[in-house]
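Residue numbers (this note's numbering): 444 to 797. Quick reminder that beta carbons are idealized off the backbone N, C-alpha and C, glycines included. A quick note: this is a predicted structure, and the numbers were derived from the prediction, not measured.
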Amino acid sequence: MKRSHLLFSSALLSLALVACSDESSDTTSATTPEGDGDGEETATPDESADEQIVIEHAFGETVLDDIPERVATVQWGNQDIALALGVEPVGFSAANYGVQDDSGLLPWTKDQLDELGVTDPNIYQDTDGLDFEAISDSNPDVILASYSGITQEDYDLLTQIAPVVAYPTTPWTTPWREQVLMNAEGMGMKAEGEQLIEDTEATIDEALEDYPEIEGKSVVWVNFSADDMSNLHLYTPVDTRVSFLKEELGLSTPEDVEAMIENKDEFFLSLSAENADVLNDADIIIGYGDEELYEAVKADSRLGQIPAIERGSVVMVGNATPLAAAGTPNPLSIEYTIEEYVELIGDAVAKLDE
Numbered sequence: 444m445k446r447s448h449l450l451f452s453s454a455l456l457s458l459a460l461v462a463c464s465d466e467s468s469d470t471t472s473a474t475t476p477e478g479d480g481d482g483e484e485t486a487t488p489d490e491s492a493d494e495q496i497v498i499e500h501a502f503g504e505t506v507l508d509d510i511p512e513r514v515a516t517v518q519w520g521n522q523d524i525a526l527a528l529g530v531e532p533v534g535f536s537a538a539n540y541g542v543q544d545d546s547g548l549l550p551w552t553k554d555q556l557d558e559l560g561v562t563d564p565n566i567y568q569d570t571d572g573l574d575f576e577a578i579s580d581s582n583p584d585v586i587l588a589s590y591s592g593i594t595q596e597d598y599d600l601l602t603q604i605a606p607v608v609a610y611p612t613t614p615w616t617t618p619w620r621e622q623v624l625m626n627a628e629g630m631g632m633k634a635e636g637e638q639l640i641e642d643t644e645a646t647i648d649e650a651l652e653d654y655p656e657i658e659g660k661s662v663v664w665v666n667f668s669a670d671d672m673s674n675l676h677l678y679t680p681v682d683t684r685v686s687f688l689k690e691e692l693g694l695s696t697p698e699d700v701e702a703m704i705e706n707k708d709e710f711f712l713s714l715s716a717e718n719a720d721v722l723n724d725a726d727i728i729i730g731y732g733d734e735e736l737y738e739a740v741k742a743d744s745r746l747g748q749i750p751a752i753e754r755g756s757v758v759m760v761g762n763a764t765p766l767a768a769a770g771t772p773n774p775l776s777i778e779y780t781i782e783e784y785v786e787l788i789g790d791a792v793a794k795l796d797e
């Protein structure tokens, strides 16, 4: 399945994307996981699989004739699926949100790399666009991008390097289960992916045991801005933040908010504060920010009249924190943050009875 670097360079020129190669990539050489000395081995794809793997996605279908040995991932969180399945990617994109240092790694990614004995991961520095040269240099057999925003042009160029597993329909909206299934299948590890989903579901269920009151409550995820209280941004049910709340935690979207969503594929919508009364039926509101922002929202003449805001049924997730980054979930981020997240939501729900 490997393509030569000469072929890639020709494709790069033909697609007039030479500029992408002008930016250097701060990558480090990958190491083979050695384990932690307890006798455990890194998971490997099912060697008995002898059928073609066919994966349908937004750009058509990807056909893999062989089980990939070298797995690369691009954009958000796809590396965590490979790592959760015990596979070290030959390269993956640096996290560009929620990282507390200059490592490009969220804490759950770092923890899993440590568990696999990986000390020098190969990280693509592609915040300003995919680093096609660095991806090509890692010589992958497959590129996982089931949760991403790659364009047709990106896809066409990436396929000159290796087969690509893209998102199913719409950019940045792949639910975590589907992300796991597509990426796992792209690695020839479908059964292992299904088991990972079951294990993650059990983790979520365990976290919810102490908060049965969460189920059935209504929620809206709202972005507030201290600089402009006149406009709000709401995430819609297709967004992974909201779909997780609905599908995993049993929350719902208020009917008035649902009625506002004209394009069901859009993951957010804008709302004028003049129409903020559509949020009146929300039992709780979740947003990015801190206590200072919440107090500013509460003091606003219009927003402060929203019942959830007024009574304090609000979860403010610290901006650019690991918990904020976990808003687009995968098995590793869920395991790392679910107890904290559920506790915050439970506290907000409890305000309904005060």
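- DSSP lists Ile729 as the beta-bridge partner residues of tryptophan 664.
- Secondary structure of serine 581 (DSSP, three-state): coil.
- Closest by C-alpha distance to proline 611, out of Gly631, Leu600, Leu587, Thr602, is Leu587.
- DSSP links glycine 520 through a beta bridge to no other residue.
- A residue is called buried when at least 16 other Cβ atoms come within 10 angstroms of its Cβ; serine 589 meets this threshold and is buried.
- Collapsing the DSSP output to three states places glycine 629 in a helix.
- When DSSP states are grouped into helix, strand and coil, leucine 746 belongs to the helix group.
- Per DSSP, serine 756 lies in no alpha helix (DSSP H) and is assigned neither H nor E.
- Leaving aside the five residues that flank isoleucine 657 on each side, the residues in its chain whose CB is nearer than 8 Å to its CB run, in chain order, Leu651, Leu692, Gly693, Leu694, Val785, Ile788, Gly789, Val792.
- Taking C-alpha positions only, lysine 553 is separated from lysine 689 by approximately 29 Å.
- The distance from the Cβ of leucine 601 to that of valine 607 is about 5 Å, consistent with a contact at the 8 Å cut-off.
- As summarised for the region 630–695, the continuous alpha helix (DSSP H) elements at least 4 residues long and confined to that stretch are 633–651, 683–690, given in chain order.
- Linking serine 591 to threonine 616 through their CA atoms gives a straight-line distance of about 8 Å.
- Residue burial annotation: glutamine 555 is buried, with at least 16 other C-beta atoms found within 10 angstroms of its C-beta.
- Taking the Cα of glycine 560 as reference, the smallest distance to any Cα among Leu526, Asn582, Ser581, Ala537 is reached at Leu526.
- Residue pairing for glycine 534: DSSP places it in a beta bridge opposite Ala515.
- If you look at valine 700, you'll find it in the alpha helix (DSSP H) that goes 698–703.
- Here the alpha carbons of threonine 594 and phenylalanine 535 stand approximately 18 Å from one another.
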